[in-house]
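Worksheet: the structure to be examined is printed underneath.
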Amino acid sequence: MRDDAQGVNGSLLKDEAAKEKGDFFASWGGISSVGLGLPILWTEATSPSRASSHTPIGILEIVKLCAMNTAKQVGLQHRKGALRPGMDADICIFDDALEWVVGREELLFRNKVSPYTGR
């Protein structure tokens, strides 16, 4: 993955989003489009144009970006980001062949604005 596509600690959040203090879970509208990270990354990673012109990105790299590194960045690596004894078993199941268009009604967070609407 390109270096400029990764943020702090190899997560999806850019460096300017890093904060020293604050309550991650108290953000008013959630983190805009974070719930779309997996389908967006998977779509881009498996697109035919990417396969011919970029280094391949596999599911393990996507897991690191969406779970492991993000949990570490927000200080939750002791309970999130991996499937290990004593940790929260947050599991995501997705249909890698399903196609859909992002619309406001699909956004499951308070802030119904996303740069991916209509895509």
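Every letter in the sequence shown is one number past the one before it in UniProt numbering, and letter 102, counting from 1, is 102.
Beta carbons: idealized from backbone N, C-alpha and C, even for Gly.
Use the C-beta contact count for residue i: other C-beta atoms within 10 angstroms, 16 or more gives buried, fewer gives exposed.
i: Cys-92; result: exposed
Do the CB positions of residue i and residue j come within less than 8 Å of each other?
i: Met-68; j: Gly-58; result: no
i: Gly-35; j: Leu-108; result: yes
Within its chain, find whatever has a CB closer than 6 Å to the CB of residue i; leave out the 5 residues flanking it on each side and keep chain order.
i: Ala-71; result: Gln-77, Lys-80, Gly-81
Here's a check: name, in chain order, each residue in its chain whose Cβ is nearer than 8 Å to the Cβ of residue i, leaving out the five neighbours to either side.
i: Phe-94; result: Leu-38, Pro-39, Trp-42
i: Asp-96; result: Trp-42, Thr-46
i: Glu-106; result: Trp-100
i: Leu-83; result: Ala-89, Ile-91
What is the rounded straight-line gap between the Cα of residue i and the Cα of residue j?
i: Glu-44; j: Arg-50; result: 7 Å
i: Tyr-116; j: Pro-85; result: 36 Å
i: Val-113; j: Trp-100; result: 17 Å
i: Leu-60; j: Cys-66; result: 10 Å
i: Asp-90; j: Ser-53; result: 34 Å
i: Pro-48; j: Pro-56; result: 11 Å
i: Gly-118; j: Gly-103; result: 6 Å
i: Ala-26; j: Ile-62; result: 26 Å
i: residue 121; j: Gly-22; result: An answer regarding residue 121 cannot be provided, because it is not within the stretch 1 to 119 covered by the chain.
Can you list, in chain order, the residues of its chain whose CB lies under 7 Å from that of residue i, leaving out five sequence neighbours each side?
i: Asp-88; result: Arg-79, Lys-80
**Request:** With a floor of 3 residues, list each beta strand (DSSP E) that falls wholly inside the UniProt domain "Amidohydrolase 3" (58-97), ordered by position along the chain.
**Result:** none
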